[in-house]
Amino acid sequence: MEDNILKQSLWIGGEYRPAATYTELKNPFNLKHIADIAVAGKDDVLDAIASAYQASAKLAALPAYVRAEILEKVAGFLKEEREECAKIISQEAAKPIKAARAEVDRTIMTYTFASHEARRIHGETVPMDAAPGGEGRLAFTVREPIGVIAAITPFNFPMNLVAHKVGPAIAAGNPVVLKPASQTPLSAYKIAEFFHRAGLPHGALNVVTGSGRSVGDILMKDDRIKMITFTGSPEVGRYIRENSGLKRVTLELGSNSAVIVDEGVNLEKIIPRIVTGAFSYQGQVCISIQRIFVHENLLEAFTEQFIEEVKKLKIGNPLDEDTDISALISRGDVQRTKEWVEEAVASGAGIKIGGSITDGIYQPTVLVDVDTSEKVSCEEIFAPVVHINRFKTMNEAIEMVNDSKYGLQAGIFTDNIHYGLQAAKRLEVGGVMINDIPTFRVDQMPYGGVKLSGMGREGIKYAVEEMSELKLISFKME
Ligand code: NAP
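Residue numbering for the sequence shown follows our numbering, starting at -1 and increasing by one per position.
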């Protein structure tokens, strides 16, 4: 083992636990060895579950204001160590440093919202006498913690998507066993350290690293786990749903998000925004723009100006201040992207820019004339590849967006209020962004998908609802 390489042990029961084996973590940009990460064995995962289970009563008994203060402190530590956290994200995920800082800022907001929500979890009174036989009763609901939650998270927002699970879980009084993506464990361990410093009871947050399949199978089978909250690919989401028995499961999965550009809109204003939506973090965002549908009267001007804007993207080392695009999460994903683009081109698609690999980085790529049956269109590409197609009528555009097995968010730029409202009603997605990109998200809004994009909603208030049980209390007064 090389000198000065961080050896990251498991975090169980409020302390570091060495593992029997460790695996090398490499920077996806330069493939340098950055840390050795503990691989949890079966007993380690079972101990993490036992620790969380033992912490349940203690956490549930903490007053709301104490849970809120812990979450506020975590947000404060993130503010103090913003640059260090951004560098962790940038190095383990090859996220351009500007985007990594933006993720830390969002993570601060997510824990801040979680601390607010912790203070306002409440039920409501129920008018029992609205039904014959219900007279003479005073009834109300309360929200109680659901119990131990297993959180399984992806690589692409390693701090903020952990926050979207750990934040509402702690706000609602539930202990967590967190299994972060194997490529991005350091962000998760950093957050565990912050919670420890903030005074979270031992065992209320445990972090176990190792292969998703082996850790996941233990979490799914254990009856002490009451809920699995998963963000990741549809294939793994389906596997979890099918193997989790009666546990509550929420799934935040992938998408091939689309944006509609109607005639009459101001191209200078919207094109930089659409380029951001398509290429931020190399297109590895679950709501990245993959399909652009442009009114035929605008198509030529749009395509020309879009290409000019794409040319401005700076490609390089994620730690360089001006980098917009860096390496994909693995060389395997570079190869997959190359194959999908080549298949589309072989079937008649045209490459307007990109389509090549330089120093291991897949270049930002714009395709035209793509058949919707091509993988670059109908599957989630999760790479810096976007395609532009034309439409004649708004009806046709909405049908093209809906012609997808996914449905996370969609965007429409239009000056026509009727088209905006029509799109809002008819688009089969979890969120419609009128006059914005589908990639827009702030962390308190309800967020989640339909179809293969998942089930359940995040956005702290909504996740707290998923992570609590509603109990009815009825007083018979006569
Ligand atoms: P992934 O391969 O599905 O992995 C996600 C997590 O699941 C990782 O922690 C992974 O562990 C674990 N895992 C893998 N196999 C498992 C199994 N059999 N049982 C239990 N857990 C298992 O996804 P990813 O490549 O990290 O992330 C990209 C995907 O996430 C994209 O599809 C993207 O759209 C989606 N995503 C969705 C949202 C949303 O909010 N809707 C947000 C972000 C990302 P290992 O890393 O050890 O394999």
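Even for Gly, the Cβ is constructed at its ideal location relative to N, Cα and C.
Same chain only: Cβ atoms within 6 Å of residue i, ignoring 5 sequence neighbours per side
{"i": "leucine 296", "result": "Glu261"}
{"i": "glycine 353", "result": "Val339 and Thr363"}
{"i": "isoleucine 268", "result": "Phe411"}
{"i": "lysine 71", "result": "Ala196"}
{"i": "glycine 476", "result": "In the sequence as displayed, the identity of residue 476 is glutamate instead of glycine. For glutamate 476, where only same-chain residues beyond five positions count, the Cβ hits under 6 Å are Gly134."}
{"i": "glutamate 464", "result": "Thr248 and Gly454"}
Host beta strand (DSSP E) of residue i (start-end)
{"i": "threonine 437", "result": "Here threonine 437 belongs to no beta strand (DSSP E), and DSSP marks it neither H nor E."}
{"i": "tyrosine 14", "result": "13 to 15"}
{"i": "threonine 227", "result": "223 to 229"}
{"i": "isoleucine 10", "result": "8 to 10"}
{"i": "leucine 29", "result": "Neither: leucine 29 is in no beta strand (DSSP E) and is coded neither H nor E."}
Cβ shell of residue i (< 7 Å), same chain only, five flanking positions each side left out
{"i": "alanine 38", "result": "Leu8, Ala17, Val206, Thr207, Gly208 and Val213"}
{"i": "methionine 107", "result": "Asp441"}
{"i": "glutamate 133", "result": "Asp127"}
{"i": "tyrosine 51", "result": "Val146 and Arg222"}
{"i": "isoleucine 349", "result": "Val343, Thr363 and Leu365"}
{"i": "threonine 139", "result": "Gly121, Glu122, Val124, Leu468, Lys469 and Leu470"}
{"i": "lysine 77", "result": "Ile106"}
Collapsed DSSP secondary structure at residue i in the structure displayed
{"i": "arginine 246", "result": "strand"}
{"i": "aspartate 483", "result": "Because the chain is modelled from -1 through 476, residue 483 falls outside the range shown and cannot be assessed."}
{"i": "glutamate 388", "result": "Checking the sequence shown, residue 388 turns out to be arginine, not glutamate. Strand."}
{"i": "isoleucine 150", "result": "strand"}
{"i": "methionine 431", "result": "strand"}
{"i": "lysine 503", "result": "No information on residue 503 is available, as it lies outside the stretch -1 to 476 that the chain covers here."}
{"i": "leucine 297", "result": "helix"}
{"i": "methionine -1", "result": "Caution applies to methionine -1, whose pLDDT of 47 falls short of 50 and renders its modelled position unreliable; the value that the coordinates give is listed next. It is coil, neither helix nor strand."}
{"i": "arginine 424", "result": "helix"}
{"i": "valine 462", "result": "helix"}
{"i": "glutamate 378", "result": "coil"}
{"i": "lysine 403", "result": "coil"}
Inter-residue spacing [alpha-carbon to alpha-carbon] between residue i and residue j
{"i": "isoleucine 471", "j": "alanine 137", "result": "6 Å"}
{"i": "lysine 219", "j": "alanine 84", "result": "35 Å"}
{"i": "asparagine 28", "j": "tyrosine 237", "result": "33 Å"}
{"i": "glutamine 282", "j": "alanine 100", "result": "15 Å"}
{"i": "glutamate 341", "j": "phenylalanine 75", "result": "47 Å"}
{"i": "valine 462", "j": "glycine 121", "result": "12 Å"}
{"i": "leucine 326", "j": "valine 43", "result": "30 Å"}
{"i": "asparagine 387", "j": "lysine 93", "result": "29 Å"}
{"i": "valine 164", "j": "histidine 385", "result": "36 Å"}
{"i": "serine 278", "j": "leucine 265", "result": "19 Å"}
{"i": "asparagine 154", "j": "glycine 346", "result": "32 Å"}
{"i": "arginine 424", "j": "isoleucine 396", "result": "7 Å"}
{"i": "methionine -1", "j": "isoleucine 35", "result": "Reliability fails at methionine -1, whose pLDDT of 47 lies under 50, so the model's placement of it is uncertain and no value is given."}
{"i": "serine 242", "j": "lysine 390", "result": "45 Å"}
{"i": "proline 156", "j": "glycine 230", "result": "11 Å"}
{"i": "valine 374", "j": "serine 286", "result": "13 Å"}
{"i": "tyrosine 109", "j": "glutamate 298", "result": "44 Å"}
{"i": "alanine 33", "j": "valine 174", "result": "24 Å"}
Sequence-distant residues of its chain with Cβ nearer than 8 Å to residue i (five each side left out)
{"i": "cysteine 376", "result": "Asn254, Thr370, Ser402 and Lys403"}
Start and end residues, alpha helix (DSSP H) containing residue i
{"i": "glutamate 142", "result": "Per DSSP, glutamate 142 belongs to no alpha helix (DSSP H); it is in the beta strand (DSSP E), 135 to 143."}
{"i": "asparagine 158", "result": "158 to 169"}
{"i": "isoleucine 238", "result": "232 to 240"}
{"i": "glutamate 191", "result": "183 to 195"}
{"i": "leucine 44", "result": "40 to 59"}
Residue-level contact to chain D via CB, residue i, 8 Å cutoff
{"i": "glycine 457", "result": "Of the protein chains in this structure there is only one, and it is not chain D."}
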